[in-house]
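S.K.: Below: one structure in structure tokens.
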Amino acid sequence: MMEKPILVLFAALVSASMFTPAAPAPQDPLAHAIPSVSAVTYHVVDTMQISVQSPMGPVDITASASATLTAGFEEAPGGFRATAELTDFSGSATNPMGGAQSMGSEAFSGAIVVVVGPTGVTELVATPEPSPMAGQFSLFEGMGYDLFPGLPARAVAAGDTWNDTFTWSASVDGGEMTTTVARSFTMGEETVVDGRSLQTIALSATVEISASSNQGGMNASQTFEGTVTGHYYWDSAAGLLHSAELVRDYEGQATIPGMPPVPMAMKGPQRIVRAN
């Protein structure tokens, strides 16, 4: 006889239909807020390989730098203000045409100062001022955007994406430089580093750089286009970047009156790591 099993199954289905599964707990939005610590220190290591196809033959230059930045925070309208003091710096550049150069902390003065809203940097207030010999090390002008990367200010899951765009300008090595960056972020899986639970955010960015200068009475210009790829590791508990591993790959040319355009390329990694 099948009636009883059918009735039992029917009763079970009716009973189950009376219960609605509990909705999953809402996720916190991934957004910037004033960090839970009063100060944080970051170590930065940067290397750039520069190739110049000059009329006299190829020239290869290697520029490397390491820096320590200590940032403090204060509330500001729409978010918070971060001041990252440059507490240590060393840099070197090898140039077969001009020899090797090296410099220390005296090469820069000042701090990176940015205003940060829920989705990232809303204002670049200041950057360390380079000495005349340090103008080639332009790593600080855009670093605030990496210390406080773009966030979506909404709940996200692995695979979700968001975008931002920013432009900064600076006086570099006796000239003016403007950089525009369009970034695409992809949320990854959580990972654990040094006992901290971190959110992995993949970066894919396009970069356009234009620079102009006057060298010995001649106006020269440079243009580059390229990419930055890598990952940010975000510590949501602290509301801070834990680390970043980025790789830049640019190609372009230099233009000098009376000469054909000179092809150039710049490639190299940058690593940012929280020290405390």
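With the sequence shown counted from 1, adding 3 to any position gets you the working numbering. Backbone N, C-alpha and C define an ideal beta-carbon position, used for all residues, glycine too.
For residue 254, tell me which candidate among 210, 62, 197, 116 has the shortest Cα-Cα distance.
M.R.: It is 210.
S.K.: For a quick check, are the C-beta atoms of residue 223 and residue 216 less than 8 angstroms apart?
M.R.: It is a contact, given that the beta carbons lie within the stated cut-off.
S.K.: What's the call for residue 38, buried or exposed, on a 16-neighbour Cβ count within 10 Å?
M.R.: Looking at its Cβ environment, which holds 16 or more other Cβ atoms inside 10 Å, residue 38 is buried.
S.K.: Whose C-beta lies closer than 7 angstroms to the C-beta of residue 160 among residues of the same chain, with five residues either side of it excluded?
M.R.: Once the five neighbours on either side are set aside, the close Cβ partners of residue 160 are 190.
S.K.: Are residue 64 and residue 97 close, meaning C-beta to C-beta below 8 angstroms?
M.R.: Yes. Within cutoff.
S.K.: Which two residues bound the contiguous beta strand (DSSP E) that contains residue 75?
M.R.: Per DSSP, residue 75 belongs to the beta strand (DSSP E) from 60–79.
S.K.: Answer yes or no: do residue 154 and residue 122 have a C-beta to C-beta separation smaller than 8 angstroms?
M.R.: Yes, Cβ-Cβ distance for residue 154 and residue 122 is below 8 angstroms.
S.K.: Quick check on the burial criterion: 16 or more other C-beta atoms within 10 angstroms. Buried or exposed for residue 109?
M.R.: Burial call: exposed.
S.K.: Quick check: what's the CA-CA separation for residue 23 versus residue 167?
M.R.: Below a pLDDT of 50, predicted positions are generally treated as unreliable, and residue 23, at 41, falls in that range; the measurement from the model is reported next regardless. Those two C-alpha atoms are separated by around 39 angstroms.
S.K.: Out of curiosity, what's the CA-to-CA distance linking residue 235 and residue 273?
M.R.: Straight-line Cα distance between these residues: approximately 12 angstroms.
S.K.: Starting from residue 149, trace the alpha helix (DSSP H) both ways and give me its first and last residue.
M.R.: That run of the alpha helix (DSSP H) goes 147–150.
S.K.: Does the distance from the CB of residue 256 to the CB of residue 226 come in under 8 angstroms?
M.R.: Their beta carbons are under 8 angstroms apart, which means residue 256 touches residue 226 by this criterion.
S.K.: Run through the segment 88–146 for me and flag every whole alpha helix (DSSP H) of 4 or more residues, listed as ranges in chain order.
M.R.: Segments of the alpha helix (DSSP H) lying fully in the segment 88–146: there are none.
S.K.: Pop quiz: residue 269 and residue 51 are said to be a contact at Cβ under 8 angstroms. What is the actual Cβ separation, rounded to whole angstroms?
M.R.: The pair is a contact, with the Cβ atoms about 6 angstroms apart (cut-off 8 angstroms).
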